[in-house]
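*Asks:* Numbering (this note's numbering), first residue to last: 4 to 236.
1) For the alpha helix (DSSP H) that residue 154 lies in, which residues bound it at each end?
2) Taking the beta strand (DSSP E) that residue 126 falls in, what are its first and last residues?
3) Provide the residue span of the alpha helix (DSSP H) that contains residue 49, from first to last.
4) Identify whether residue 2 lies in helix, strand or coil by the three-state DSSP scheme.
5) Taking DSSP's pairing of strands, which residues face residue 60 in a bridge?
6) Could you name the residues of the same chain whose beta carbon sits closer than 8 Å to that of residue 155, not counting the 5 residues immediately before and after it, in chain order?
7) Under 8 Å by Cβ, that's how I've got residue 161 and residue 230 pegged, so tell me the actual separation to the nearest angstrom.
8) Any idea what DSSP makes of residue 14, helix, strand or coil?
9) According to DSSP, simplified to helix, strand and coil, what is residue 184?
10) Can you tell me whether DSSP reads residue 202 as helix, strand or coil?
11) Sorted by chain position, which residues of the same chain lie with C-beta nearer than 8 Å to residue 75's C-beta, five sequence neighbours on each side aside?
12) Quickly, what does DSSP pair residue 179 with across the bridge? List them, please.
13) In whole angstroms, what separates the C-alpha of residue 206 from that of residue 158?
14) On a Cα-Cα basis, can you pick out the residue from 60, 136, 186 and 221 that is closest to residue 38?
15) Quick one: residues in its chain with C-beta nearer than 6 Å to the C-beta of residue 79, no 5 flanking neighbours on either side, listed in chain order?
16) Mind checking whether residue 113 and residue 129 have CB atoms under 7 Å apart?
17) Can you grab the Cα-Cα spacing for the pair residue 132 / residue 227, in whole Å?
18) Does the separation of the CB atoms of residue 125 and residue 106 fall below 7 Å?
Spelled out as structure tokens, the structure:
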């Protein structure tokens, strides 16, 4: 399957007031009509995902790491061990660490009559920029709370905050949302006219994440109920 073989058209990309300005790196080379640069779309895609992929160059070779993140306004925060190579590189005051961060949702499997026109429905965001280590303690604590609340809203206030030892072992990097684009595909398959009569099923299989019922830890103290914010998931 590939997400780039169909020719579906969507409304042209635009930049409403306050949107992200397109650049050479954020304008897709294919299916440009799927690109979006408005903050509402970008923020929605970022806020609904759990994992991002952080790409950078190490020793002359590309590296991509899956990791958790959190958004606070126009800033993304990523955390890791203080011994992590990308976080060490981002700790350099100048020039920081050039990165590319991506987030993708798969919303449907698009099955066409021909193998060539199979695709997926998706929402994605790509962020280019320079990541810097967060050294201010108040900002670090705020960023770590944002990371926890990004996964489960309300959880940071219902758990023990990091102590001094844990903070010393944790690094946080900041990536500002300046050079950003979103890209989306929706709708059904696009078969060739001559394939319409073929005896193959054609359509979309929706894909969506599901949260199961919370499973308590084996050593959870009796009487501690499932918090409302988990029930809300």
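Using N, Cα and C, we set each Cβ at its ideal position, and we do this for glycine too.
*Replies:* According to the structure data:
1) 140-154
2) 122-136
3) 42-50
4) In the structure displayed, the chain extends from 4 to 236; residue 2 sits before or after that span and is not available.
5) 65
6) 232, 233 and 236
7) 6 Å
8) With a pLDDT of only 32 at residue 14, under the threshold of 50, the placement of this residue in the model should not be trusted, and no figure is reported.
9) strand
10) coil
11) 145, 146 and 149
12) 78
13) 39 Å
14) 186
15) 72 and 178
16) no
17) 44 Å
18) no
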